[in-house]
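Reading through the C-alpha coordinates given below for one structure.
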Amino acid sequence: MADRTSRTPSVEPALRDIALWTASLVRQFPELAEELAPGRRGPAGSAPAPSPAARDEQIREERREALLLQQRHGLAVPGHGAAPIRLHVSDAIRDITDGVVELEEAVCARLALPRPPRAGVVDRLRRVVGLLDAIAAEPDLARHVRDEIRRMARRCARTLGDSETVVRVSGRCPWCDSVSLRAFPDRRAVLCVNPACVCVDEACGCQDDPAYRHLWPEREWAELAAAAGSRTDEIRAAMDTAAAPAPAPTDAPADAPADAPTAVPTDDSEETSC
(Lines of atoms letter the chains of each structure in order from A and count residues from 1; the text may use other names and numbers.)
(Lines give C-alpha, C1' and ligand atoms only; values in the text may rest on other atoms or scores of the structure.)
Protein backbone atom coordinates (compact mmCIF):
# COMPACT_ATOMS: atom_id res chain seq x y z
CA MET A 1 0.00 0.00 0.00
CA ALA A 2 1.28 3.47 -0.86
CA ASP A 3 2.14 5.85 1.94
CA ARG A 4 2.08 9.62 2.06
CA THR A 5 5.77 9.91 1.21
CA SER A 6 5.20 8.12 -2.12
CA ARG A 7 2.46 10.44 -3.32
CA THR A 8 3.26 12.35 -6.47
CA PRO A 9 2.50 16.09 -6.48
CA SER A 10 0.21 15.64 -9.51
CA VAL A 11 -2.29 13.54 -7.54
CA GLU A 12 -2.46 15.80 -4.49
CA PRO A 13 -5.19 18.12 -5.89
CA ALA A 14 -7.46 15.14 -6.54
CA LEU A 15 -6.86 13.72 -3.04
CA ARG A 16 -7.53 17.12 -1.51
CA ASP A 17 -10.83 17.42 -3.36
CA ILE A 18 -11.86 13.88 -2.42
CA ALA A 19 -11.48 14.83 1.23
CA LEU A 20 -13.33 18.11 0.72
CA TRP A 21 -16.33 16.67 -1.15
CA THR A 22 -16.54 13.59 1.08
CA ALA A 23 -16.76 15.76 4.19
CA SER A 24 -19.60 17.71 2.56
CA LEU A 25 -21.49 14.55 1.58
CA VAL A 26 -21.01 12.92 5.01
CA ARG A 27 -22.42 16.05 6.62
CA GLN A 28 -25.41 16.53 4.33
CA PHE A 29 -26.55 13.06 3.27
CA PRO A 30 -28.36 12.27 6.57
CA GLU A 31 -30.40 15.45 6.09
CA LEU A 32 -32.05 13.98 3.00
CA ALA A 33 -34.09 11.56 5.13
CA GLU A 34 -35.52 14.52 7.05
CA GLU A 35 -36.48 16.17 3.77
CA LEU A 36 -38.51 13.23 2.47
CA ALA A 37 -41.72 14.46 4.13
CA PRO A 38 -42.61 18.08 3.32
CA GLY A 39 -42.58 20.34 6.35
CA ARG A 40 -45.08 22.86 5.06
CA ARG A 41 -47.69 23.29 2.40
CA GLY A 42 -47.55 25.74 -0.44
CA PRO A 43 -49.84 28.78 -0.68
CA ALA A 44 -53.54 28.04 -0.77
CA GLY A 45 -54.82 27.60 -4.30
CA SER A 46 -51.32 27.22 -5.74
CA ALA A 47 -52.18 23.80 -7.23
CA PRO A 48 -55.47 22.06 -8.05
CA ALA A 49 -56.57 19.40 -5.58
CA PRO A 50 -56.32 15.86 -7.01
CA SER A 51 -59.41 13.73 -7.38
CA PRO A 52 -60.11 11.20 -4.58
CA ALA A 53 -59.05 8.29 -6.82
CA ALA A 54 -55.82 10.04 -7.83
CA ARG A 55 -55.12 10.95 -4.22
CA ASP A 56 -55.59 7.32 -3.10
CA GLU A 57 -53.21 6.11 -5.79
CA GLN A 58 -50.66 8.77 -4.81
CA ILE A 59 -50.79 7.67 -1.17
CA ARG A 60 -50.33 4.02 -2.16
CA GLU A 61 -47.35 4.91 -4.36
CA GLU A 62 -45.75 7.00 -1.61
CA ARG A 63 -46.19 4.22 0.93
CA ARG A 64 -44.56 1.75 -1.47
CA GLU A 65 -41.72 4.23 -1.97
CA ALA A 66 -41.24 4.66 1.79
CA LEU A 67 -41.20 0.90 2.34
CA LEU A 68 -38.66 0.44 -0.46
CA LEU A 69 -36.40 3.12 1.01
CA GLN A 70 -36.54 1.49 4.42
CA GLN A 71 -35.83 -1.99 3.04
CA ARG A 72 -33.01 -1.02 0.65
CA HIS A 73 -31.31 1.83 2.44
CA GLY A 74 -32.43 1.68 6.08
CA LEU A 75 -34.04 5.11 5.82
CA ALA A 76 -37.44 5.62 7.38
CA VAL A 77 -39.52 8.68 6.55
CA PRO A 78 -39.92 10.63 9.83
CA GLY A 79 -43.56 10.49 10.95
CA HIS A 80 -44.61 8.84 7.70
CA GLY A 81 -48.28 8.11 7.37
CA ALA A 82 -50.58 9.39 4.69
CA ALA A 83 -48.48 12.53 4.17
CA PRO A 84 -46.85 12.75 0.75
CA ILE A 85 -43.10 12.34 0.40
CA ARG A 86 -40.83 14.23 -1.94
CA LEU A 87 -40.07 11.79 -4.71
CA HIS A 88 -37.17 13.88 -6.05
CA VAL A 89 -35.53 13.53 -2.62
CA SER A 90 -36.00 9.74 -2.62
CA ASP A 91 -34.53 9.65 -6.14
CA ALA A 92 -31.46 11.53 -4.86
CA ILE A 93 -31.12 9.13 -1.92
CA ARG A 94 -31.23 6.11 -4.23
CA ASP A 95 -28.79 7.64 -6.71
CA ILE A 96 -26.28 8.61 -4.04
CA THR A 97 -26.62 5.32 -2.14
CA ASP A 98 -26.15 3.21 -5.27
CA GLY A 99 -23.32 5.46 -6.43
CA VAL A 100 -21.40 5.16 -3.16
CA VAL A 101 -21.81 1.37 -3.10
CA GLU A 102 -20.60 1.05 -6.69
CA LEU A 103 -17.71 3.45 -6.08
CA GLU A 104 -16.40 1.62 -3.01
CA GLU A 105 -16.67 -1.75 -4.75
CA ALA A 106 -14.85 -0.38 -7.81
CA VAL A 107 -12.07 1.06 -5.63
CA CYS A 108 -11.62 -2.23 -3.80
CA ALA A 109 -11.58 -4.17 -7.07
CA ARG A 110 -8.98 -1.82 -8.56
CA LEU A 111 -6.78 -2.11 -5.46
CA ALA A 112 -7.18 -5.90 -5.35
CA LEU A 113 -8.93 -5.73 -1.97
CA PRO A 114 -11.76 -8.01 -0.81
CA ARG A 115 -15.29 -6.91 -1.61
CA PRO A 116 -16.35 -4.49 1.14
CA PRO A 117 -19.03 -5.60 3.62
CA ARG A 118 -22.45 -3.98 3.58
CA ALA A 119 -22.69 -0.65 5.39
CA GLY A 120 -24.46 2.68 5.29
CA VAL A 121 -23.48 5.51 2.98
CA VAL A 122 -21.57 7.49 5.61
CA ASP A 123 -19.57 4.44 6.75
CA ARG A 124 -18.73 3.52 3.16
CA LEU A 125 -17.53 7.05 2.43
CA ARG A 126 -15.29 6.97 5.47
CA ARG A 127 -13.84 3.66 4.34
CA VAL A 128 -13.05 5.15 0.93
CA VAL A 129 -11.25 8.06 2.60
CA GLY A 130 -9.33 5.51 4.64
CA LEU A 131 -7.96 4.13 1.36
CA LEU A 132 -6.61 7.45 0.10
CA ASP A 133 -2.98 6.43 0.58
CA ALA A 134 -3.54 3.43 -1.68
CA ILE A 135 -5.63 5.45 -4.14
CA ALA A 136 -2.75 7.95 -4.38
CA ALA A 137 -0.71 5.37 -6.28
CA GLU A 138 -3.37 5.30 -9.04
CA PRO A 139 -3.82 8.85 -10.43
CA ASP A 140 -6.62 7.90 -12.83
CA LEU A 141 -8.48 6.14 -10.00
CA ALA A 142 -8.02 9.19 -7.78
CA ARG A 143 -9.56 11.43 -10.43
CA HIS A 144 -12.47 9.01 -10.92
CA VAL A 145 -13.16 8.91 -7.17
CA ARG A 146 -12.98 12.72 -7.04
CA ASP A 147 -15.41 13.13 -9.93
CA GLU A 148 -17.96 10.68 -8.54
CA ILE A 149 -17.93 12.00 -4.98
CA ARG A 150 -18.08 15.57 -6.24
CA ARG A 151 -21.10 14.70 -8.43
CA MET A 152 -22.95 13.06 -5.55
CA ALA A 153 -22.10 15.82 -3.07
CA ARG A 154 -23.37 18.51 -5.42
CA ARG A 155 -26.59 16.57 -6.13
CA CYS A 156 -27.13 16.20 -2.39
CA ALA A 157 -26.61 19.94 -1.86
CA ARG A 158 -28.92 20.87 -4.74
CA THR A 159 -31.64 18.55 -3.45
CA LEU A 160 -31.43 20.18 -0.02
CA GLY A 161 -31.69 23.60 -1.65
CA ASP A 162 -28.38 24.83 -0.28
CA SER A 163 -26.93 28.03 -1.67
CA GLU A 164 -23.32 28.58 -0.69
CA THR A 165 -22.27 32.14 0.03
CA VAL A 166 -19.52 33.56 -2.16
CA VAL A 167 -17.34 36.57 -1.34
CA ARG A 168 -15.33 38.55 -3.85
CA VAL A 169 -11.58 38.70 -3.27
CA SER A 170 -9.47 41.55 -4.63
CA GLY A 171 -6.57 40.97 -6.97
CA ARG A 172 -6.21 39.07 -10.20
CA CYS A 173 -6.13 35.33 -10.78
CA PRO A 174 -2.50 34.22 -11.30
CA TRP A 175 -3.59 31.96 -14.17
CA CYS A 176 -6.01 34.05 -16.24
CA ASP A 177 -5.31 37.57 -14.92
CA SER A 178 -9.04 38.27 -14.45
CA VAL A 179 -10.69 39.76 -11.35
CA SER A 180 -12.57 36.53 -10.76
CA LEU A 181 -11.24 35.28 -7.42
CA ARG A 182 -13.96 34.30 -4.96
CA ALA A 183 -13.85 33.06 -1.37
CA PHE A 184 -16.08 30.07 -0.53
CA PRO A 185 -16.35 30.03 3.29
CA ASP A 186 -18.09 26.65 3.52
CA ARG A 187 -15.05 25.05 1.90
CA ARG A 188 -12.44 27.45 3.36
CA ALA A 189 -11.10 27.84 -0.16
CA VAL A 190 -10.60 30.46 -2.88
CA LEU A 191 -11.62 29.66 -6.47
CA CYS A 192 -11.31 31.41 -9.80
CA VAL A 193 -14.81 31.50 -11.31
CA ASN A 194 -13.72 32.54 -14.79
CA PRO A 195 -14.99 29.73 -17.09
CA ALA A 196 -12.03 30.29 -19.43
CA CYS A 197 -9.38 29.94 -16.71
CA VAL A 198 -6.98 27.01 -17.10
CA CYS A 199 -3.96 26.45 -14.85
CA VAL A 200 -0.69 24.67 -15.77
CA ASP A 201 -1.18 21.66 -13.48
CA GLU A 202 -1.82 18.69 -15.78
CA ALA A 203 -3.62 16.84 -12.96
CA CYS A 204 -6.08 19.68 -12.34
CA GLY A 205 -9.61 19.07 -13.58
CA CYS A 206 -9.74 22.47 -15.27
CA GLN A 207 -7.40 21.08 -17.93
CA ASP A 208 -10.05 18.88 -19.52
CA ASP A 209 -13.41 19.76 -17.94
CA PRO A 210 -14.97 23.23 -18.40
CA ALA A 211 -17.06 22.68 -15.24
CA TYR A 212 -13.98 22.60 -13.00
CA ARG A 213 -12.31 25.58 -11.37
CA HIS A 214 -8.84 25.86 -9.87
CA LEU A 215 -8.95 25.90 -6.07
CA TRP A 216 -6.58 27.30 -3.44
CA PRO A 217 -7.04 25.70 0.02
CA GLU A 218 -6.15 27.58 3.19
CA ARG A 219 -2.52 26.45 3.22
CA GLU A 220 -2.00 28.13 -0.19
CA TRP A 221 -3.59 31.49 0.61
CA ALA A 222 -0.29 33.26 1.31
CA GLU A 223 1.13 32.12 -2.03
CA LEU A 224 -2.08 33.13 -3.80
CA ALA A 225 -2.14 36.57 -2.14
CA ALA A 226 1.44 37.26 -3.23
CA ALA A 227 0.71 36.23 -6.82
CA ALA A 228 -2.70 37.93 -7.06
CA GLY A 229 -1.81 41.25 -5.47
CA SER A 230 -4.15 40.78 -2.51
CA ARG A 231 -3.55 40.11 1.20
CA THR A 232 -3.86 36.93 3.23
CA ASP A 233 -5.66 38.79 6.02
CA GLU A 234 -8.21 40.05 3.47
CA ILE A 235 -8.94 36.48 2.37
CA ARG A 236 -9.41 35.39 5.99
CA ALA A 237 -11.67 38.39 6.61
CA ALA A 238 -13.75 37.47 3.57
CA MET A 239 -14.21 33.94 4.94
CA ASP A 240 -15.17 35.21 8.40
CA THR A 241 -17.51 37.91 7.05
CA ALA A 242 -19.64 35.42 5.18
CA ALA A 243 -19.56 32.82 7.95
CA ALA A 244 -20.70 35.24 10.66
CA PRO A 245 -24.42 35.68 11.43
CA ALA A 246 -26.04 38.62 9.70
CA PRO A 247 -26.28 41.64 12.03
CA ALA A 248 -29.54 43.40 12.74
CA PRO A 249 -30.34 46.16 10.21
CA THR A 250 -28.95 49.54 11.22
CA ASP A 251 -28.44 52.86 9.53
CA ALA A 252 -24.94 52.85 8.06
CA PRO A 253 -22.78 55.84 9.07
CA ALA A 254 -21.90 58.29 6.35
CA ASP A 255 -18.20 57.43 6.58
CA ALA A 256 -18.68 53.65 6.36
CA PRO A 257 -15.98 52.01 4.18
CA ALA A 258 -17.15 51.13 0.69
CA ASP A 259 -14.68 48.31 0.02
CA ALA A 260 -15.78 45.72 2.58
CA PRO A 261 -16.10 42.15 1.27
CA THR A 262 -19.44 41.64 -0.43
CA ALA A 263 -21.26 38.33 -0.11
CA VAL A 264 -23.14 37.12 -3.14
CA PRO A 265 -25.21 33.94 -3.63
CA THR A 266 -23.69 31.00 -5.42
CA ASP A 267 -24.53 30.51 -9.07
CA ASP A 268 -24.40 26.73 -9.36
CA SER A 269 -23.49 26.98 -13.02
CA GLU A 270 -20.67 29.40 -12.32
CA GLU A 271 -18.12 27.30 -10.50
CA THR A 272 -17.07 23.82 -9.60
CA SER A 273 -13.77 23.21 -7.87
CA CYS A 274 -11.16 20.97 -9.35
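According to the working numbering, the sequence shown is numbered sequentially starting from 74. All C-beta atoms, glycine included, are put in the ideal place defined by N, C-alpha and C. No experiment lies behind these values; they were computed from the predicted model shown.
ALA239 lies in the beta strand (DSSP E); which residues open and close that run? Taking the sequence shown and counting its residues from 1, the one referred to as residue 239 is at position 166. At residue 239 the sequence reads Val, which differs from the Ala that was named. Run containing VAL239: 238-241, per the beta strand (DSSP E) assignment.
Per DSSP, which one or two residues make a beta bridge with PHE257? As a position in the sequence shown, residue 257 is number 184, starting the count at 1. In DSSP, PHE257 forms a bridge with ALA262.
Using the beta-carbon count (16 or more within 10 Å), is GLY302 buried or exposed? Numbered from its first residue, the sequence shown carries residue 302 at position 229. It is exposed - the Cβ of GLY302 has fewer than 16 other Cβ atoms within 10 Å.
Can you name, in chain order, every residue of its own chain whose Cβ lies under 6 Å from the Cβ of TRP352, other than the five neighbours on each side? In the structure displayed, the chain extends from 74 to 347; residue 352 sits before or after that span and is not available.
Is the distance from the Cβ of ALA87 to the Cβ of VAL218 below 9 Å? For this step, residue 87 is matched to residue 14 along the sequence shown. For this step, residue 218 is matched to residue 145 along the sequence shown. Result yes, Cβ atoms of ALA87 and VAL218 sit closer than 9 Å.
Boundaries (first-last residue) of the alpha helix (DSSP H) holding TRP248: Mapped onto the sequence shown, residue 248 falls at position 175. TRP248 -> no alpha helix (DSSP H), and no H or E assigned at all.
Closest by CA to SER251, which one among PHE257, ASP259, VAL240 and CYS270? Against the sequence shown, residue 251 aligns to sequence position 178. Checked all of PHE257, ASP259, VAL240 and CYS270; the closest Cα to SER251 is CYS270.
Since LEU184 is in the alpha helix (DSSP H), which residue starts that stretch and which ends it? Walking along the sequence shown from the start, residue 184 turns up at place 111. Premise fails: LEU184 is in no alpha helix (DSSP H) and is neither H nor E.
Could you have a look at LEU288 and say whether DSSP puts it in helix, strand or coil? On the sequence shown, position 215 is the one that residue 288 refers to. LEU288: strand per DSSP, three-state reduction.
Own chain, CB closer than 6 Å to LEU160, minus 5 neighbours either side, in chain order: Counted from its first residue, the sequence shown places residue 160 at position 87. Counting only Cβ-Cβ distances below 6 Å, and skipping sequence neighbours, we find nothing.
Any beta carbon of chain B sitting closer than 9 Å to that of ASP164? Structure shown: chain B not included; a single protein chain is present.
Which of helix, strand or coil does DSSP assign to ARG191? Taking the sequence shown and counting its residues from 1, one reaches residue 191 at position 118. ARG191: coil per DSSP, three-state reduction.
Would you call the CB atoms of LEU233 and GLU104 closer than 9 Å? For the purposes of this step, residue 233 is taken as residue 160 along the sequence shown, with counting starting at 1. For the purposes of this step, residue 104 is taken as residue 31 along the sequence shown, with counting starting at 1. Cβ atoms of LEU233 and GLU104: closer than 9 Å.
Among CYS279, ASP281, CYS265 and VAL242, which residue has its Cα nearest to the Cα of ILE308? The residue given as residue 308 occupies position 235 in the sequence shown. For the residues CYS279, ASP281, CYS265 and VAL242, the minimum Cα distance to ILE308 belongs to VAL242.
Presumed contact (8 Å Cβ cut-off) between CYS181 and ARG191, rounded CB distance: As a first step, residue 181 must be located in the sequence shown, where it is residue number 108. As a first step, residue 191 must be located in the sequence shown, where it is residue number 118. Contact doesn't hold; Cβ gap of about 13 Å is too wide.
Residue nearest to ARG292 in terms of C-alpha spacing, selected from THR305, MET225 and GLN280: The count along the sequence shown starts at 1 and reaches residue 292 at position 219. Answer by Cα proximity: THR305.
So, under 8 Å CB-CB, PHE102 and VAL195 are touching, yes? Tell me the CB distance rounded to an integer number of Å. For the purposes of this step, residue 102 is taken as the residue at position 29 of the sequence shown. For the purposes of this step, residue 195 is taken as the residue at position 122 of the sequence shown. Between VAL195 and PHE102 the Cβ distance is about 6 Å, and since that is below 8 Å, they are a contact.
Hey, quick one: how far does the alpha helix (DSSP H) through VAL218 stretch, first residue to last? Position 145 of the sequence shown holds residue 218. Unbroken alpha helix (DSSP H) run through VAL218: 212-233.
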